[in-house]
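Visitor: Residue numbers (the working numbering): 1 to 202. Quick reminder that beta carbons are idealized off the backbone N, C-alpha and C, glycines included. Computed from a predicted model, the values in this text were never measured in an experiment. Pasting a structure below so you can have a look.
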């Protein structure tokens, strides 16, 4: 009888231990073409220090009004990355659903790691559909899993923080995979882009 009681007690302890891990960490949102969970970094207006973004590390900025949209499964989104000021880049991006754009952004970013990660974004962006907004990009990131190399496929992720005319802040981010054919050249000028990508805006 004692052995049965001890066995039942042990099973109860195992069950309770599995249900509560006590980690206290904020849950990450699942999703994204690149696999794994999305880890967000909260962005605060007027912050004087910003962690340098890297692939899956401080590259997904978020404010309270964060917009998400799962991929519709079509390869009709657009991304273009070209050489910008200094060693920075310009990013042109459009999220589409059935050919109609629901998100568009034209952004300039400064280089953090050459050909791999970028931040200090400025430009314009707009979100259509429910609760639409248009405004100025005040922060943003673009990161690749590895440095861009001509003809080499690579996964990427981005985020932008937008201040609309009413003074409110909004954020949008996502991930994607560039096929090798989309990375046409990296020197002397960066020429990257495709009109037929699938971007997961989560």
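1. Does DSSP put residue 208 in a helix, in a strand, or in coil?
2. Taking contact to mean 3 or more Cβ pairs, one atom from each stretch, closer than 8 Å, check whether the stretch 81-96 and the stretch 57-65 are in contact.
3. Looking at the unbroken beta strand (DSSP E) that takes in residue 164, where does it start and where does it end?
4. Near residue 87, which residues of its chain fall below 7 Å by C-beta distance, leaving aside the five closest residues on each side in sequence?
5. Please report how far the alpha carbon of residue 132 lies from the alpha carbon of residue 126, in whole angstroms.
6. Starting from residue 175, trace the beta strand (DSSP E) in both directions and tell me its first and last residue.
7. Please state whether DSSP places residue 182 in a helix, a strand or coil.
8. From residue 109 to residue 73, what distance separates their C-alpha atoms?
Guide: Based on what the coordinates show:
1. Beyond the ends of the chain as shown, which are 1 and 202, falls residue 208; an answer cannot be given.
2. no
3. 154-164
4. 111, 114
5. 7 Å
6. 169-178
7. Residue 182 carries a helical assignment under DSSP once its states are collapsed to helix, strand and coil.
8. In a straight line, the C-alpha of residue 109 is about 28 Å away from that of residue 73.
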